[in-house]
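Participant: Heads up, the sequence shown is in full-length UniProt numbering, so the first residue is 1 and it goes up one at a time.
Using N, Cα and C, we set each Cβ at its ideal position, and we do this for glycine too.
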Amino acid sequence: MSKEKESEFKPYHHPAGGWGAANATAKVLMEQSVLVKGSRGLLAMNQPGGFKCPSCAFPDPDHRKTLEFCENGAKTLAHEVTKARVTREFFAQHTVTELMERSDYWLEMQGRLTEPMRYDAATDKYVPVAWDDAFALIGKHLQALDSPHQAEFYTSGRTANETAFLYSIFVREFGTNNFPDCSNMCHEPTSRGLPPAIGIGKGTIVMADFEHAEAIFVIGQNTGTNSPRMMTNLVEARKRGIPIVLINPMPERALIRFTEPQDILQMGTFGSTAISSEFVHVRIGGDLAIFKGMMRALFEAEERGEKVLDQDFIAEHTAGLEALRADVMSVSWADITRISGVSEEQIRRIAGIYAKSNATIICYGMGLTQHQEGSHLVQQVASLLLLKGNFGKKGAGIAPIRGHSNVQGDRTVGIDEKPTQAYLDRVRDVFGFEPPREHGHHVVEAVAAMEEGTAKVFFGMGGNFARAIPDTERSYEAMGRLNLTVNVTTKLNRGHLVHGKDALILPVVSRSEIIRTTKGEQFVTIEDAMSNVTPSRGVFEPVSPDVRPETEIICRVAMATLPHSKTAWADYIEDYTLIRDRIAEVYPEIYTGFSEKMKDPHGFHLDIPPRRRVWKTPNGKANFIVMPGLEVNDVIEDPAMLRLATIRSHDQYNTTIYSNSDRYRGVYNNRLVIFMNKEDREDRGLENGAVIGLETYSEDGRRRYVDGLTILDYPMPRGAIAGYYPELNPLLPLDFYDEISGTPAAKAIPVKVVPSIASAAPIRIAG
């Protein structure tokens with residue numbers, strides 16, 4: 001074991017990106033001993049004929065550079081092509097109980113899995129298992145269920161379209177719509193909230209719109225860490241003088257100043273670009289108040305005779321304006337400013353920026369969706385855009401900035417616990433079986449079913465389910481009651497250690513590796529956050545002869561579970577073109593000619609009706625939807641209460657931890673920290689660097705508590721704190737979620753500071 005490094009808090013004052021990003025990229029390639037191989041892979045990443053980055057879903061630009069990746073994409077690739085291996089010898093040396101004591105970072109650093117493993121209860125270890133035996137075990141457990149609804153089938157957003165489609169067909173032929181997926185925990189409010197407003201649960205812009213926008217708003221999203229390639233678009237916009245308004249509880253370094261790593265002049269001169277023209281320091285849960293304040297300012301301007309709304313668009317394309325106007329005008333400026341924490345002057349100023357712009361893009365992230373009213377919040381963004389006709393024209397639209405690389409594509413091709421009846425009819429007609437019609441479980445419902453004992457089997461198609469979900473202690477206990485857990489994966493993570501009575505780890509070919517079958521080399525397809533579908537071809541040999549393509553795994557599970565199925569599972573293993581042909585049959589409106597279109601390495605855009613000003617809503621209109629009041633979370637009358645937002649560090653992707661540091665926030669070698677407003681800290685009689693515990697306000701009698709957290713003074717709004725996910729997931733109650741979407745409210749957890757009983761290592765605070 002290496003010597004533990006000293007923890008330090010040293011505020012970062014340099015521009016984001018630049019030499020810091022370049023050095024971090026080189027460092028991670030060297031750490032994983034893949035400097036040459038990784039560099040070769042980076043040249044193929046996000047390029048025509050190459051493979052899609054397995055991290056975020058931000059689209060490729062229309063005009064690509066020689067290097068089309070970001071720092072976080074480089075980290076993902078380096079850890080994917082690492083020389084480190086998790087072999088049968090590794091598992092022979094460690095019990096599962098021992099591995100549970102290791103950190104998420106340590107587990108990640110062990111490397112790639114190389115062969116299927118089965119849990120052996122007698123030794124508390126994973127042991128090798130033959131592929132045929134693994135499939136037989138899965139089939140045995142699924143066939144033994146009293147009902148198909150006793151199984152939960154999870155999907156990670158990295159799963160490619162072909163696999164996700166076949167997965168959805170297999171599970172429905174098995175007999176259930178239980179499809180908890182990673183979208184349930186992040187952008188489900190987009191999927192459920194936007195359709196009543198604009199007729200589709202997706203964004204409406206394409207990359208070229210950034211070139212034509214006259215104003216860009218970025219709400220609740222840390223672009224420099226979670227979608228770094230988007231920074232290029234923001235830099236170019238600022239160079240054109242386009243205003244960029246950032247609304248966020250935390251000032252994020254990349255949205256203050258950024259150096260484009262591929263800009264030779266900026267790199268050579270240590271230059272940078274100021275990004276946000278206006279930073280709106282909103283309180284946690286104050287976004288709705290800002291939206292209503294902006295809309296009120298627009299309505300007041302109209303009353304003064306100023307023509308700021310697009311009345312022609314509103315008259316032709318929308319419904320519900322008067323109800324929205326009445327609601328917005330009923331809220332007072334005093335309440336708007338009190339709840340948002342933002343002055344009336346600033347809200348009017350950003351409303352003026354919006355009013356002046358003839359083409360506005362509003363981007364948002366999980367800072368908006370992970371609230372108790374996340375779906376309604378997304379609808380208010382749509383209403384704000386509708387007021388000025390910001391759909392169906394260049395430079396305008398709504399842009400949910402998605403996380404996982406194919407999380408949107410998975411939903412498009414069938415991963416949905418609430419499928420439409422029309423889709424189910426097409427599945428029936430194409431595949432010749434009657435699919436289940438009742439809705440299935442989302443993530444929270446799946447965990448509740450495990451807890452109640454009505455779920456018996458969990459199958460995880462990628463991801464780190466156990467670590468990502470809320471209420472950690474409660475969820476771990478629930479998963480431990482299962483009869484079987486199966487995890488399809490590339491690397492070891494904590495989700496494999498929280499297991500059922502039987503458990504399997506099935507290693508897969510990664511995104512950057514070649515898929516070969518008897519029909520030759522195969523490729524998969526990915527849908528990005530702007531609905532562009534592109535092919536992805538791996539360039540490296542698989543890590544081991546004992547890993548399998550994810551599509552083959554699903555087909556063989558189906559064959560073991562459904563021996564009398566008429567679906568051509570064996571054919572789909574060999575020829576992925578056949579899968580794409582079936583996708584086109586089930587989705588004729590958007591995927592007609594799929595196989596032929598994939599001959600273009602740049603792919604094609606799926607049809608998004610609002611881009612054509614067509615609204616697939618029941619009334620055929622875009623709808624202004626009223627959200628009464630100004631609160632987006634339960635109101636707790638306790639002056640000691642703080643709202644906790646769980647966040648990612650710059651050196652992690654979802655639950656994958658690449659290091660214990662967070663360069664842009666100045667935290668090094670420690671993840672058990674709390675970012676707090678100095679006045680909130682002083683009100684509690686605490687010193688900067690003090691160690692505390694946090695306890696959740698809850699009404700179910702459970703104590704949710706995390707100890708050993710070090711306070712760091714940080715420019716947070718009063719009443720708001722932040723700390724790292726997934727370490728603080730134990731504080732998020734399972735039943736604290738948006739009722740429309742089921743998405744946990746991870747950005748507004750009510751907590752209070754309590755004395756610590758832990759002995760935490762001190763953090764050296766510089767400056």
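Alpha carbon to alpha carbon, what distance is there between residue 351 and residue 332?
Facilitator: Roughly 16 angstroms between the two C-alpha positions.
Participant: Which of the three DSSP states is assigned to residue 541 in this structure?
Facilitator: coil
Participant: With 16 as the cutoff for other CB atoms within 10 Å, does residue 44 come out buried or exposed?
Facilitator: Per the 10 Å Cβ criterion, buried.
Participant: Hey, residue 748 and residue 380: beta-carbon distance below 9 angstroms or not?
Facilitator: Going by beta carbons, residue 748 and residue 380 fall outside the 9 angstroms limit.
Participant: On the criterion of 16 or more Cβ atoms from any shown chain inside 10 Å, does residue 152 qualify as buried, or is it exposed?
Facilitator: buried
Participant: Can a CB atom of chain D be found closer than 9 angstroms to the CB of residue 488?
Facilitator: The chain inventory of the structure shown lacks chain D, comprising one protein chain alone.
Participant: Start and end of the beta strand (DSSP E) containing residue 32?
Facilitator: No beta strand (DSSP E) holds residue 32; DSSP gives it neither H nor E.
Participant: Go ahead and pull the three-state DSSP assignment for residue 16.
Facilitator: Per DSSP, reduced to three states, the secondary structure at residue 16 is strand.
Participant: State the CB to CB distance for the pair residue 182 and residue 463, rounded to an integer number of angstroms; the pair is presumed to be in contact (CB under 8 angstroms).
Facilitator: 6 angstroms
Participant: Expressed to the nearest angstrom, what Euclidean distance is found between the alpha-carbon atoms of residue 618 and residue 471?
Facilitator: 37 angstroms
Participant: Mind checking whether residue 537 and residue 552 have CB atoms under 9 angstroms apart?
Facilitator: no
Participant: Going by other Cβ atoms of all chains shown within 10 Å of its Cβ, with 16 needed for buried, is residue 442 buried or exposed?
Facilitator: buried
Participant: Output the residue ranges of the alpha helix (DSSP H) runs that lie fully inside the region 582–608 and measure 4 residues or longer, sorted by chain position.
Facilitator: 588–591 and 594–597
Participant: From residue 2 to residue 106, what does the alpha carbon distance come to, in whole angstroms?
Facilitator: Summary for residue 2: the model assigns pLDDT 41, below 50, so the residue's position carries little reliability; its value from the coordinates is reported in the next sentence. Each residue's Cα considered, the two are about 11 angstroms apart.
Participant: Quick one: grab the DSSP three-state call for residue 329.
Facilitator: helix
Participant: I'd like the list of long-range same chain contacts for residue 193, defined as Cβ closer than 6 angstroms, with 5 residues on each side in sequence excluded.
Facilitator: 375, 378 and 379
Participant: With a threshold of 16 other CB atoms inside 10 Å of the CB of residue 75, please say whether the residue is buried or exposed.
Facilitator: buried
Participant: Which ranges does the beta strand (DSSP E) cover as unbroken runs of at least 3 residues, wholly within the region 268–329, from first to last along the chain?
Facilitator: Counting only runs of 3 or more, we get 278–280.
Participant: Thinking C-alpha only, which one of 57, 79, 12 and 36 is nearest residue 490?
Facilitator: Residue 490 has its Cα closest to that of 79, out of 57, 79, 12 and 36.
Participant: Jot down the residue ranges of each uninterrupted beta strand (DSSP E) in the region 378–422, minimum 3 residues, whole runs only, in chain order.
Facilitator: 397–400
Participant: Please state whether DSSP places residue 181 in a helix, a strand or coil.
Facilitator: Looking at residue 181 - three-state DSSP - the assignment turns out to be strand.
Participant: What whole-angstrom Cβ distance do residue 118 and residue 129 have, given they're in contact under 8 angstroms?
Facilitator: 4 angstroms
Participant: According to DSSP, is residue 2 part of a helix, a strand, or is it coil?
Facilitator: Residue placement at residue 2 is flagged as unreliable, the pLDDT there being 41, under the threshold of 50; a coordinate-derived value is accordingly withheld.
Participant: Return the bridge partner residues of residue 340 from the DSSP annotation.
Facilitator: DSSP lists no partner for residue 340.
Participant: Distance check for residue 549 and residue 510, CA to CA, integer angstroms please.
Facilitator: Taking the Cα positions, residue 510 is about 8 angstroms away from residue 549.
Participant: Can you give me the Cβ contacts of residue 731 inside the same chain, cut-off strictly under 7 angstroms, excluding the 5 residues immediately before and after it?
Facilitator: 644, 694, 696, 704, 706, 749 and 751
Participant: Using 8 angstroms for Cβ pairs, my map puts residue 217 next to residue 416. What's the rounded Cβ distance?
Facilitator: Incorrect: roughly 29 angstroms between the Cβ atoms, too far for contact.
Participant: Note down the Cα distance separating residue 210 from residue 437, rounded to an integer number of angstroms.
Facilitator: Spanning the two alpha carbons is a distance of roughly 41 angstroms.
Participant: For residue 778, report the span of its beta strand (DSSP E) as first-last.
Facilitator: Summary: the structure shown does not reach residue 778, with the chain confined to residues 1 through 767, and so no result is reported for it.
Participant: Only counting the same chain, and skipping five residues up and downstream in sequence, which positions put a Cβ closer than 7 angstroms to that of residue 308?
Facilitator: The residues are 298, 301, 302 and 355.
Participant: Would residue 654 be called buried (16 or more neighbouring beta carbons within 10 Å of its own) or exposed?
Facilitator: Looking at its Cβ environment, which holds 16 or more other Cβ atoms inside 10 Å, residue 654 is buried.
Participant: In whole angstroms, what separates the C-alpha of residue 150 from that of residue 230?
Facilitator: 41 angstroms
Participant: Do residue 554 and residue 163 have their C-beta atoms within less than 9 angstroms of each other?
Facilitator: yes
Participant: In angstroms with no decimal places, state the Cα-to-Cα distance between residue 191 and residue 146.
Facilitator: 32 angstroms
Participant: Applying the criterion that 16 or more other CB atoms from any shown protein chain within 10 Å of the CB defines a buried residue, is residue 221 buried or exposed?
Facilitator: buried
Participant: Can you tell which of 219, 276, 273 and 317 has the C-alpha that lies nearest to the C-alpha of residue 788?
Facilitator: Not covered by the structure: residue 788. The range shown for the chain is 1 to 767.
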